[in-house]
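Novice:
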Amino acid sequence: MPFDILHFRGSDQILRDKRLEQDFLATMQYLDDVLYGSLYRRELLREALADMGWRDHGSLNFLEGRRYQFKGYRQGIAMEANLNFYEFILEGLFRLQVAYDKGLIEAGILLLTAKRSDKSPYGSSLRLVKEDLELLYPSISLPVSVVLFDLGQPFLMTEEMTRPPSPDLANEGGESCRP
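Quick note on numbering: the sequence shown equals residues 176 to 354 in the numbering used here.
Now the structure itself:
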C-alpha cells in the first residue's frame with residue numbers, strides 16, 4: 176500500500192461498528208490516487224473528500240463562532256489533514272481532541288505526510304507516530320487513526336516542456352509549428 180494506517184485506542188473497531196471500514200480504505204486509496212505527485216494538494220484534498228462523501232454531512236465547524244473546520248466528517252468520525260508537514264500531528268490531534276471532549280465526534284482520522292528530512296534523528300515516521308501517541312497520552316486520549324501518505328514529489332513542468340516549438344521545425348504538412 177502506498178500509505179500506512181495506524182489505529183490507536185480502538186479507532187479501528189469504531190470504524191467497523193459504523194460500517195465505515197471499507198469506505199475509509201476506499202477513500203484513502205482515492206486520496207492517494209488523486210494527490211500523488213500533485214502540487215496543489217489542499218484543494219484537491221477538499222474535492223476528493225467531497226467526491227467520497229466526507230464533506231456533505233452537516234457542518235464541519237467544531238468551535239462555535241470560529242472558522243475552524245474539519246477536512247471531513249461522517250457518522251461521528253472527523254478527519255483532519257496536512258500533507259505537507261509531519262509536525263502538523265500536534266495541531267491535528269489537538270483539533271480532534273477538542274471535538275472529542277465536546278462530544279461532537281466518537282473518533283478521528285489524521286492524514287499526514289510520511290516524508291521527513293533525511294537528516295531526522297528520529298527514525299521512521301511509523302515509529303515516530305507510535306511514540307508521539309504514547310507520549311501525548313492522557314492529554315490526547317481520543318480514538319484516532321493516523322494515515323501516513325507518501326505522495327512523492329510534486330510534478331512540475333520543466334522549461335523544456337513549456338517552451339514553444341522552435342520556428343525552424345516543420346510539421347508533417349511542411350508548415351511552421353507556430354500559427
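Each residue gets a CB set at the ideal place from its N, CA and C atoms; glycine is no exception.
State buried or exposed for R241, treating a residue as buried only when at least 16 other CB atoms are found within 10 Å of its CB.
Specialist: Looking at its Cβ environment, which holds fewer than 16 other Cβ atoms inside 10 Å, R241 is exposed.
Novice: Taking 8 angstroms as the threshold (C-beta atoms), are L206 and A225 in contact?
Specialist: In this structure, L206 does not lie closer than 8 angstroms to A225 by Cβ.
Novice: Between V304 and the rest of its own chain, which residues show a CB-CB distance below 6 angstroms, the 5 nearest in sequence each way excluded?
Specialist: Closer than 6 angstroms at the Cβ level, and outside the excluded window around V304, lie L181 and V321.
Novice: Can you say whether N259 is buried or exposed, counting buried as having 16 or more other CB atoms within 10 angstroms of its CB?
Specialist: By the 10 Å Cβ count, N259 comes out exposed.
Novice: Report yes if the C-beta distance between L271 and G283 is below 8 angstroms; otherwise report no.
Specialist: Yes. Within cutoff.
Novice: Where does the unbroken beta strand (DSSP E) through G247 begin, and where does it stop?
Specialist: From DSSP, the beta strand (DSSP E) with G247 extends over G247 to R249.
Novice: My output table needs one value for S320: the three-state DSSP class, helix, strand or coil.
Specialist: Correct three-state label for S320: strand.
Novice: Could you check whether Y261 and L287 sit closer than 8 angstroms to each other, using their CB atoms as the reference points?
Specialist: It is a contact, given that the beta carbons lie within the stated cut-off.
Novice: Look at the alpha carbon of D198 and the alpha carbon of L190, and state the distance between them as a whole number of angstroms.
Specialist: Near 9 angstroms, if we compare the C-alpha coordinates of L190 and D198.
Novice: Which value, in whole angstroms, describes the spacing of the CA atoms of A274 and D192?
Specialist: Near 20 angstroms, if we compare the C-alpha coordinates of D192 and A274.
Novice: Would you kindly work out how many angstroms separate the C-alpha atoms of S299 and L323, rounded to a whole number?
Specialist: Approximately 11 angstroms, taken between the alpha carbons.
Novice: Secondary structure at E262, three-state DSSP: helix, strand or coil?
Specialist: E262: coil per DSSP, three-state reduction.
Novice: Spatial neighbours of Q244 within its chain, please: CB distance less than 6 angstroms, with the 5 preceding and 5 following residues excluded, ordered by chain position.
Specialist: Cβ within range, chain order: L235 and N236.
Novice: Please name the residue, chosen from D208, I280, Q250 and E218, that lies closest to A256 on a Cα-to-Cα basis.
Specialist: Cα-wise, what sits closest to A256 is E218.
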